[in-house]
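Colleague: Residue numbering for the sequence shown follows the working numbering, starting at -12 and increasing by one per position. Quick reminder that beta carbons are idealized off the backbone N, C-alpha and C, glycines included. Just so it is clear, the structure is predicted and the values come from calculations on it, not from any experiment. Just dropping this structure here.
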Amino acid sequence: MSQDLEKFGMPEEELFAPVDHSDLESEKITAPRYSYWHSVFRVFFKKKINIIILAILGVLIAFTYLYPLFVEYDKFGNLMDATTKHLSPSAAIERLGMNIHWILGTGAAGQSTFDAVWFGSRISISLAFICAAINLSVGVVVGSIWGFSKKVDVFMQEVYNILANIPYILLIAVMVMLFKAGFWTMVLALTITGWLGIAYFIRTQVVIIRDREYNLASKCLGTSTLKIAMKNILPFMTSVIVTLAATEIPSYISYEVFLAYIGMGMSDMSLGRLIYESESAMLTPGWQFEFWSPVVVASIITIVLYVVGQNLGDASDPRTHM
């Protein structure tokens, strides 16, 4: 071998050289560190449509929560002035001056439809976020226990079979009729059994995952059930939980709007209440903005929340992090 190398004019040491061996260096992993949430947001923001939708959501949230802080809204501020009632946007600007308050016209009491929509949105969105937080928290916890414990499974199956067959809208309507139709009454009505469907779905996912080989191996090695649930199962269902939130939050706004539209909603000035009170203006020429403004805003809010949640749920799936 040495003679062959010398024949071609190549010293032996250039091809073969001794190296130092280090046990510490051999244990080092050269692969880049993986950050789950960094990968989630990298995948999410890779799509430009998500940036646009997120910007729209930011504008909606800003108008919903920040705009009312700087504006004093009085529903009956122009009640005594008959010339300010039911004005179209152009007529309102001509009558009351060029101002952001009048770009959607005025209502039955001469109030600003633009201001009313954002004050109502604050109540509706707050209701949706609170109900979603309660139902998702209770549903995930109960569903995880339900999926792991066979004794709990037997009991909860009977509870689910009974309560799941009661129409959800009917149950909410009864709760609203029994108590004063306020904000917290609506929260109670939407959460008293709203977590049950989420818990059943989580239970099904836990049953699918809990008996996989790596979980059985962890259990055989003495790992506690709680640790298996927290380390092996719940992180796997992050995308599922985010997707659930994407469907739950808009649904509560829809429930509130529907119940208010049929006269069984909150007494507070929510989007549903605005739609209910302006129903008579729907078919009156020149008054349509009073009705369609809260309808359009409620639709945009629910669609944007749903799309953002769905796309974030897709990005939360580790299989998209390639």
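Residues in the same chain with beta-carbon distance under 6 Å from Phe63, minus the five sequence neighbours each way, listed in chain order, please.
Modeller: Indexing the sequence shown from 1 puts residue 63 at position 76. Answer for Phe63: Ala96, listed in chain order.
Colleague: Please work out which residues of its chain come closer than 7 Å, Cβ to Cβ, to Ser205, disregarding the five sequence neighbours upstream and downstream, and give them in chain order.
Modeller: Indexing the sequence shown from 1 puts residue 205 at position 218. Excluding residues within five positions, the ones whose Cβ falls inside 7 Å are Ile215, Asn219.
Colleague: For Gln192, collect the residues of the same chain with a Cβ closer than 7 Å to its Cβ; drop the 5 residues on either side in sequence, then sort them by chain order.
Modeller: The sequence position of residue 192 within the sequence shown is 205, counting from 1. Only Met224, Val227 meet the Cβ criterion.
Colleague: Rounded to whole angstroms, what's the CA-CA distance from Ile87 to Ile262? Just pull it up for me.
Modeller: In the sequence shown, the residue the question calls residue 87 occupies position 100. In the sequence shown, the residue the question calls residue 262 occupies position 275. Spanning the two alpha carbons is a distance of roughly 21 Å.
Colleague: Going by DSSP, which residues form a beta bridge with Ser99?
Modeller: Here residue 99 refers to the residue found at position 112 when the sequence shown is read from its first residue. Its beta-bridge partners are Thr93.
Colleague: Quick one: is Gln98 buried, meaning 16 or more other Cβ sit within 10 Å of its Cβ, or exposed?
Modeller: Walking along the sequence shown from the start, residue 98 turns up at place 111. It is buried - the Cβ of Gln98 has at least 16 other Cβ atoms within 10 Å.
Colleague: Return the CA-CA distance between Leu177 and Arg82, expressed in angstroms with no decimal places.
Modeller: Reading the sequence shown from its first residue, position 190 is the one you call residue 177. Reading the sequence shown from its first residue, position 95 is the one you call residue 82. Between the alpha carbons of Leu177 and Arg82 lies a gap of roughly 43 Å.
Colleague: For Ser241, collect the residues of the same chain with a Cβ closer than 7 Å to its Cβ; drop the 5 residues on either side in sequence, then sort them by chain order.
Modeller: Position 254 of the sequence shown, counting from 1, holds the residue named residue 241. The residues are Thr289.
Colleague: Does the distance from the C-beta atom of Val174 to that of Cys118 stay below 8 Å?
Modeller: If you number the sequence shown from 1, residue 174 lands on position 187. If you number the sequence shown from 1, residue 118 lands on position 131. Between Val174 and Cys118, the CB-CB gap stays under 8 Å.
Colleague: Compare the C-beta of Val294 against all C-beta atoms of chain B and say whether one is closer than 8 Å.
Modeller: Here there is only one protein chain, and chain B is not present.
Colleague: For Tyr248, I'd like the list of residues in its chain whose CB is within less than 8 Å of its CB, leaving aside the five on either flank, ordered along the chain.
Modeller: Here residue 248 corresponds to residue number 261 of the sequence shown, with the count starting at 1. Within the same chain, Tyr248 has close Cβ partners Gly259, Ile262, Tyr263, Glu266.
Colleague: For the pair the stretch 100 to 120 and the stretch 279 to 289, tell me if three or more CB-CB distances fall below 8 Å.
Modeller: Segments in contact, yes.
Colleague: Rounded to whole angstroms, what's the CA-CA distance from Asn37 to His308? Just pull it up for me.
Modeller: Along the sequence shown, one-based indexing puts residue 37 at 50. Along the sequence shown, one-based indexing puts residue 308 at 321. Take the alpha-carbon of Asn37 and the one of His308: they are about 16 Å apart.
Colleague: Ends of the alpha helix (DSSP H) at Gly250?
Modeller: In the sequence shown, residue 250 corresponds to position 263, counting from 1. Taken as a continuous stretch (DSSP letters only), Gly250 belongs to no alpha helix (DSSP H), as it is neither H nor E.
Colleague: Going along the chain, which residues of its own chain have a beta-carbon closer than 6 Å to the beta-carbon of Leu292, five neighbours each way excluded?
Modeller: Taking the first residue of the sequence shown as position 1, residue 292 is located at position 305. The beta carbon of Leu292 lies closer than 6 Å to those of Ile236, Pro237 in the same chain, with the five residues before and after it left out.
Colleague: Going straight from the alpha carbon of Ala302 to that of Met217, what length do you get?
Modeller: Locating residue 302 in the sequence shown gives position 315, where the first residue counts as 1. Locating residue 217 in the sequence shown gives position 230, where the first residue counts as 1. Looking at the two C-alpha atoms, the distance is approximately 21 Å.
Colleague: Please classify Lys62: does DSSP put it in a helix, a strand, or coil?
Modeller: Indexing the sequence shown from 1 puts residue 62 at position 75. Residue state, collapsed to three classes: coil.
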